[in-house]
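For the sequence shown, this note's numbering begins at 77 and goes up steadily by one.
For glycine and all other residues, C-beta sits at the position ideal for the given N, C-alpha and C.
Note that the structure is a prediction, hence the values are computed from the model and not measured.
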Amino acid sequence: MYPTKEQQTKLQHSFFVYNQAYNICLNLQQEQYEKNKDLPTKQRKWQKSSELDSAIKHHLKARNLSFSSVVAQQSRMNAERALRDAFKVKNRGFPKFKNSKFAKQSFTWNNQGFSIKDFNERFKMFNLMKMPLKMRMHRDLPLNAKIKQIVVSCSHQKYFVSFSIEYEKELNTIKEPRNCVGVDLNIYDIALSVDLKEYEKLTDLEQYQKDMKELGLKVDENINLKRLIPTYSKLHSFKKYSKEFKRLQRKQSRRVLKSKQNKIKLGGNFYKTQKKLNKAFDKSSYQKLDRYHKITSELSKQFELIVVEDLQIKNMTKRAKLKNVKQKSGLNKSILNTSFYQIISFLDYKQQHNGKLLVKAPPQYTSKTCHSCGQINHELKLNHREYLCQNCGYIEHRDINAASNILSKGLSLLGLGNSLADFKEQSLSY
Numbered sequence: 077m078y079p080t081k082e083q084q085t086k087l088q089h090s091f092f093v094y095n096q097a098y099n100i101c102l103n104l105q106q107e108q109y110e111k112n113k114d115l116p117t118k119q120r121k122w123q124k125s126s127e128l129d130s131a132i133k134h135h136l137k138a139r140n141l142s143f144s145s146v147v148a149q150q151s152r153m154n155a156e157r158a159l160r161d162a163f164k165v166k167n168r169g170f171p172k173f174k175n176s177k178f179a180k181q182s183f184t185w186n187n188q189g190f191s192i193k194d195f196n197e198r199f200k201m202f203n204l205m206k207m208p209l210k211m212r213m214h215r216d217l218p219l220n221a222k223i224k225q226i227v228v229s230c231s232h233q234k235y236f237v238s239f240s241i242e243y244e245k246e247l248n249t250i251k252e253p254r255n256c257v258g259v260d261l262n263i264y265d266i267a268l269s270v271d272l273k274e275y276e277k278l279t280d281l282e283q284y285q286k287d288m289k290e291l292g293l294k295v296d297e298n299i300n301l302k303r304l305i306p307t308y309s310k311l312h313s314f315k316k317y318s319k320e321f322k323r324l325q326r327k328q329s330r331r332v333l334k335s336k337q338n339k340i341k342l343g344g345n346f347y348k349t350q351k352k353l354n355k356a357f358d359k360s361s362y363q364k365l366d367r368y369h370k371i372t373s374e375l376s377k378q379f380e381l382i383v384v385e386d387l388q389i390k391n392m393t394k395r396a397k398l399k400n401v402k403q404k405s406g407l408n409k410s411i412l413n414t415s416f417y418q419i420i421s422f423l424d425y426k427q428q429h430n431g432k433l434l435v436k437a438p439p440q441y442t443s444k445t446c447h448s449c450g451q452i453n454h455e456l457k458l459n460h461r462e463y464l465c466q467n468c469g470y471i472e473h474r475d476i477n478a479a480s481n482i483l484s485k486g487l488s489l490l491g492l493g494n495s496l497a498d499f500k501e502q503s504l505s506y
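Put into structure tokens, the structure is as follows:
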């Protein structure tokens, strides 16, 4: 979106009101929880939605804030949803309060009280809260689509609007487990158990081999690299932005240290550099999202069944004890930068959207097991990129071997001979 300065002020006020209403609701529910936490779960009493709406409006009026009742109501609904999700997961903790000082802000709107009209060939006019907001659509909405919810957001002075839509789509019934793939996620690449068609869109084999050499890893020329898609954390663009982050952050750290030592305020150059840092961070994160969307869309387009590992990222990134602390911290950083959970979540919703399946298989010994004979190589280490079975002589890229084992585990979870159509109907009925 491209709001004027006056419209930006109104939107910022709506962000502030949304945060205030959200925090009021959480605070009221937290007080209620403290009263009832010793009672059994079924006997706990919570305030009704109508009571919360009245309380939120009362507190906002007491603070002399002008507000939209829709924004206040949507904030209450989102706060209640966050509270329900918190109690579903053990030891997750109470939801956090929202801070209006953060660079990223948003508020939610329902499916009424707005309109979208054509402005010219490039732009549309989005009318919300009596504000004609100029916007450019990322892509056209599907035919007969109904807008169910709107989210207006701001990130580093850039404004966006996203639509949650509902529309009818024909789903292809899965009858046989033919077009299936196992996917192994690691910090170097996304490995597949079968060849990816039109893989040139997603990977550059020559650049991949150069990157492996830079990392000190050998790649056999006979290995099929058409099954390996480099992750964003190993691309040249990520390395470029990583260097830029370090340079600008060190610059900012020196300025902060100097201001504390001399007891002076931070000058205008500090905030100019911070804008450059935010811009570089945004570019890097957008490139990462774009790459992972392209990869997951291509996988969902080509395969009816995708099997991934059921990874526990929290356990994988635990701090090492006593020995190899520095090496483990570097590995943890690489794992978090690669964003395994984000890739899996993209695959999950895209497979559901296309009427296809995503199966999560147990990750134990997928890399160390020979796909040919089933022998487990306990001596295989992380820096070994080739899998050579000492029992049957089977040789394959370590990650491709793991992807093949993941696919086998996924098919065994489905019962092998059972129809995938039956499994699909069961999964979609929940």
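About 4 Å separates the Cβ atoms of residue 447 and residue 480, confirming a contact at the 8 Å cut-off. Here the region 157-165 makes no contact with the region 188-200; the two share fewer than three CB pairs at distances below 8 Å. As DSSP reads the structure, residue 473 sits in a beta bridge with 462. In the DSSP annotation of this structure, the continuous segment of the alpha helix (DSSP H) that includes residue 151 starts and ends at 145-164. Looking at the backbone, the Cα of residue 367 and that of residue 110 are separated by about 45 Å.
Between the region 234-248 and the region 77-92, the count of C-beta pairs closer than 8 Å reaches three or more; the two stretches touch.
Put simply, of 303, 137 and 241 the residue whose alpha carbon is nearest the alpha carbon of residue 268 is 303. Counting only runs of 4 or more residues that sit fully inside the region 377-416, the alpha helix (DSSP H) segments are 389-392 and 401-414, in chain order.
DSSP lists 383 as the beta-bridge partner residues of residue 258. At a Cβ-Cβ threshold of 8 Å, residue 416 and residue 360 do not count as neighbours. The beta carbons of residue 141 and residue 228 sit no closer together than 8 Å.
In this structure, DSSP gives residue 265 an extended state, which the three-state scheme calls strand. By the Cβ test, the region 395-410 is not in contact with the region 348-355, since fewer than three Cβ pairs between them sit closer than 8 Å. With 16 or more other Cβ atoms from the protein chains shown falling within 10 Å of its own Cβ, residue 472 counts as buried.
In this structure, residue 444 sits away from residue 458, with a CB-CB distance that is not shorter than 8 Å. The straight-line gap separating the alpha-carbon atoms of residue 340 and residue 442 is approximately 57 Å.
Going by beta carbons, residue 123 and residue 106 fall outside the 8 Å limit. Restricting attention to 92, 91, 437 and 365, the CA atom closest to the CA of residue 482 is found in 437. In the same chain as residue 346, and ignoring 5 residues on each side of it, the C-beta atoms closer than 6 Å to its own belong to 331, in chain order.
In this model, residue 198 and residue 226 are separated by some 21 Å (Cα to Cα). For residue 437, no alpha helix (DSSP H) segment is defined; the enclosing uninterrupted segment is the beta strand (DSSP E) at 433-437. Bounds of any alpha helix (DSSP H) do not take in residue 242; it lies within the beta strand (DSSP E) bounded by 234-242. In the DSSP annotation of this structure, residue 85 is not part of any beta strand (DSSP E); the continuous alpha helix (DSSP H) holding it starts and ends at 81-112. Nearest to residue 99 by C-alpha distance, out of 421, 344 and 175, is 175.
Non-local beta-carbon contacts of residue 474 in its own chain, meaning distances under 7 Å to residues more than five positions away in sequence, involve 443, 460, 461, 462 and 463 in chain order. Here residue 487 is buried. Its C-beta has 16 or more other C-beta atoms within 10 Å. Separation of the CB atoms of residue 383 and residue 273 is rounded to 18 Å, and the pair is thereby denied contact status at 8 Å. When DSSP reads this structure, residue 191 sits in a beta bridge with 203.
Listed as beta-bridge partners of residue 230 by DSSP are 181 and 235. Nearest neighbour of residue 439 by Cα position, chosen from 374, 364, 401 and 258, turns out to be 258. DSSP, reduced to helix, strand and coil, places residue 426 within a helical segment of the structure shown. Classified as exposed, residue 401 has fewer than 16 neighbouring CB atoms from the shown chains inside 10 Å of its CB. About 42 Å separates the Cβ atoms of residue 192 and residue 410, ruling out a contact at the 8 Å cut-off. Closest option to residue 423, judged by alpha-carbon separation, among 223, 379 and 180: 379. Nearest in C-alpha terms to residue 149, of all of 365, 322, 425 and 184, is 184.
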